[in-house]
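Trainee: Protein chains in written order, with our numbering: chain A, 13 to 452; chain B, 4 to 437.
Idealized CB from N, CA, C, for every residue including glycine.
#1: Just how far apart, CA to CA, sit residue 5 of chain B and residue 255 of chain B?
#2: Measuring only the C-alpha atoms, how far is residue 185 of chain B from residue 72 of chain A?
#3: How is residue 159 of chain A classed by DSSP in three states: helix, strand or coil?
#4: Reducing DSSP to helix, strand and coil, say where residue 437 of chain B ends up.
#5: Can you find a CB in chain B that lies within less than 8 angstroms of the CB of residue 324 of chain A?
#6: What are the partner residues of residue 253 of chain A, as DSSP defines its beta bridges?
#7: Need the endpoints of the beta strand (DSSP E) that residue 222 of chain A sits in, please.
#8: Expressed to the nearest angstrom, what Euclidean distance is found between the alpha-carbon atoms of residue 392 of chain A and residue 219 of chain A?
#9: Tell me, please, whether the CB atom of residue 391 of chain B is closer than 8 angstroms to any CB atom in chain A?
#10: Tell me whether the beta-carbon of residue 293 of chain A lies closer than 8 angstroms to the beta-carbon of residue 317 of chain A.
#11: On the DSSP letters alone, give me the boundaries of the beta strand (DSSP E) that residue 9 of chain B sits inside.
#12: So is residue 354 of chain B in contact with chain A if we call contact Cβ pairs under 8 angstroms?
#13: When you compare the CB of residue 261 of chain B with every CB in chain A, is at least one pair closer than 8 angstroms?
#14: Nearest-angstrom Cα distance between residue 201 of chain A and residue 74 of chain B?
#15: Could you check the C-alpha separation between residue 233 of chain B and residue 206 of chain B for me, to the nearest Å?
#16: Applying the 10 Å Cβ sphere with the 16-neighbour rule, what's the burial state of residue 323 of chain A?
#17: Could you name the residues of chain A that residue 357 of chain B contacts, counting a contact when the two beta carbons are closer than 7 angstroms?
#18: In three-state terms, what does DSSP make of residue 14 of chain B?
#19: What are the residues of the region 338-351 of chain B that lie near chain A, defined by any Cβ-Cβ distance shorter than 7 angstroms?
#20: Where do the N-terminal and C-terminal ends of the alpha helix (DSSP H) with residue 298 of chain A fall, by residue?
#21: Could you tell me how far apart the beta carbons of residue 139 of chain A and residue 86 of chain A are, in whole angstroms, since I believe they sit closer than 8 angstroms?
#22: Any idea what DSSP makes of residue 148 of chain A, helix, strand or coil?
#23: Counting only beta-carbon atoms, is residue 72 of chain B nearer than 8 angstroms to chain A?
#24: So, helix, strand or coil for residue 36 of chain A, using DSSP?
#25: What residue does the beta strand (DSSP E) around residue 209 of chain B start on, and which one ends it?
#26: Can you check whether the C-beta of residue 238 of chain B is within less than 8 angstroms of a C-beta belonging to chain A?
#27: Determine the extent of the beta strand (DSSP E) in which residue 235 of chain B is found, giving its start and end residues.
#28: Please check the pair residue 291 of chain B and residue 266 of chain B, which I expect to be a contact at CB under 8 angstroms, by giving their CB distance rounded to whole angstroms.
#29: Residues of chain B with CB closer than 8 angstroms to the CB of residue 53 of chain A, please, in chain order.
#30: Compare the C-beta of residue 305 of chain A against all C-beta atoms of chain B and say whether one is closer than 8 angstroms.
#31: Can you tell me where the alpha helix (DSSP H) with residue 344 of chain B in it begins and where it stops?
#32: Please identify the residue among B:82, B:64, B:71 and B:90 whose C-alpha is closest to the C-alpha of residue 54 of chain B.
#33: Going straight from the alpha carbon of residue 105 of chain B to that of residue 125 of chain A, what length do you get?
#34: By the criterion of Cβ-Cβ separation under 7 angstroms, what are the contact partners of residue 56 of chain A in chain B?
#35: Determine the closest residue to residue 29 of chain B out of B:61, B:93, B:18 and B:9, with distance taken between C-alpha atoms.
#36: Check the C-beta distance from residue 112 of chain B over to residue 202 of chain B and give it rounded, since I have them as a contact under 8 angstroms.
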């Protein structure tokens, strides 16, 4: 049976075959050689550049751009990757508009920043396409370290430890390494199987043994890891999803946005992936936007993203909000879900208007919904962890936890933004701290 | 719209923009198109002696350097003079001049340094009805190896001798085109004047290698693994050309020697600058080779607007206007004291001024934690480097200290009187101004 945008319910194949390809193509076409030179030439090579300060991994941006401008993109890539081993993914997913590009002096002066993200991608893609891995391992130290979680923090930590000559066991609960890079980012931001290609490239350093299907609190325990290894790094991310706290949250058609995104990322045939006609996404962060936009791209007729506060409070950047709007997602702000209606499956979601202090106004409205995605934040989901700070693992310095010889970084650790690039920085810095403590 | 009519040594053209002797003026087809586009005149690509035509290389004839977005900044060529039969060129010149009587056609000539050779070709070109001749003593490549082009232009005695022969054998105005590949441009200019030439044109191209192929280790442009120096032209050579034009214009013994300015003229403004420094008209090549003949429309409108703004009614009112202000270093006013000033509203906080001053100059710019850049008057020598490296136009300016103010760097009160090095107490040869 064929479906189209108007077909009710959650059904696959709402679009023509070529539409899927077009809709899920690269968000930004990669720069070609000439475009890269022109873009690079706009960089002023600022003194003590603000973009470097704004980058959580402190990449020397003016230097790598100058290296591109002078025809040495592979040298540029080494500058980038030396600071941020996942520079390729960060070039694709970093909210540059709120980091390096926001403070670019040309953004301040003209409203047109140097295309730092796209130039970074140009450099790292060039190096990876050449099949080169420019880092070498130091002499073996004989030290063994367990890294739990093969997402951005864990990969970054593992690579840096391996570089220092340590042997790393890299565990992950999922089937594939990569973490959110593989399972949690909109498909159009990382096309062509880039996440796995990047992991494969990263592992070329050697000295890292990947074991998937191993979850902390289930197949692994922190105590056992501490017994077996000289040090442990926890980069387990946030495996749990916050609930709306409403009745009937288990009705058919209601899912966690992260699961939808993961399913989409792993789908070999997007036309087989079912999506609702009337989709409602609740949340205001990147995950909410990724779920909403991809629902629209899969052919949903109406997609509403509903956030409880004002637009300026949304965690999704203005760029992401505009992207969603441009794809036809309706953004509704200042509305909190109060009830789910439907017989067996969701049919409508009822909201109440709320001001920025979340005080309800008493006015309510309903949105038709045959599919409802929850994207109101993730939570730590593991047991036997070090002490927490709020809802995350408490850390001091470069990721030291309350437990001796155990470090943590990335989304699971307290402090820092929950960004890929922040996770990479924390993984890297923890690795340096682990290294320093093991060799002293 | 200002009147741009030009009368250069009696040669009239509707505007002072001529195409220089070069590939754009190699044949009738191009020259007709150039005239249709609006060029005031052309110097036809250099004619040689009758006989077997010139042979050019069949590999690349040009090399280049580029700026941002591959904007061509400098061009180098190893092409020789026309490689078409002499008679073909003469016939075409005759036809074109007949159809465009109001435009200038100048024949560029290059033959061996023998009176008979010059006499013979002058007779032939005179028959075309052309308006004048230009003696190509400038091409620095290929023909110079055969004792022509710059090989002549580098020996003032030859320049004078050939100019004399030409004046003897033709009534046409004679322009001597000078090579810049020489230590003192005034010497061949003087020789041209002494030989009776009506004008000089300069500069011809500069000896150059545009680059090196770092894989095969050969100069560029590369022909079968080898390279030879070529002649450099385009925007990159303009400052060199301006100086040489001005040197001739301000030399007392060369006063009154008309100059046709050449070298990197790309816009109306370039042309106006050459003319202000003494050029009676300008010749253009690389800009046309880069963008096509249409650029002359911008040159015409731009110069016209400028003249209207200034109230000039004839291009002659512009010619030479900046020459009296070209001085020697020793006569510059040492009591003219300026300091860099940074317009904080215009500043985009890139810090280039700071890096340049701190690393390579006088440590006269401070940087605060929140990236505010300010000039330290106690250190600023007014070198202007910060102005030059600042990416924002007019963000940093040099402001003069008024007489009576104290220069915080020297602690001295700025004096009102003009005083130069010749009067300075540190100069052993100084004489007091009286």
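Mentor: Inspection of the coordinates gives the following:
#1: 31 angstroms
#2: 46 angstroms
#3: strand
#4: Low confidence applies here, because residue 437 of chain B scores a pLDDT of 49, under 50, leaving its location unreliable; read the following figure in that light. Looking at residue 437 of chain B - three-state DSSP - the assignment turns out to be coil, as it is neither helix nor strand.
#5: no
#6: A:390
#7: 220-224
#8: 29 angstroms
#9: no
#10: yes
#11: 9-11
#12: yes
#13: no
#14: 33 angstroms
#15: 14 angstroms
#16: exposed
#17: 59
#18: strand
#19: 351
#20: 298-309
#21: 5 angstroms
#22: coil
#23: yes
#24: coil
#25: 209-211
#26: no
#27: 233-236
#28: That pair is no contact at about 14 angstroms.
#29: 71 and 72
#30: no
#31: Element bounds for residue 344 of chain B: not the alpha helix (DSSP H) but the beta strand (DSSP E), 341-345.
#32: B:90
#33: 52 angstroms
#34: 353, 355 and 394
#35: B:93
#36: Actually they are not in contact, since the Cβ atoms of residue 112 of chain B and residue 202 of chain B sit about 15 angstroms apart, beyond 8 angstroms.
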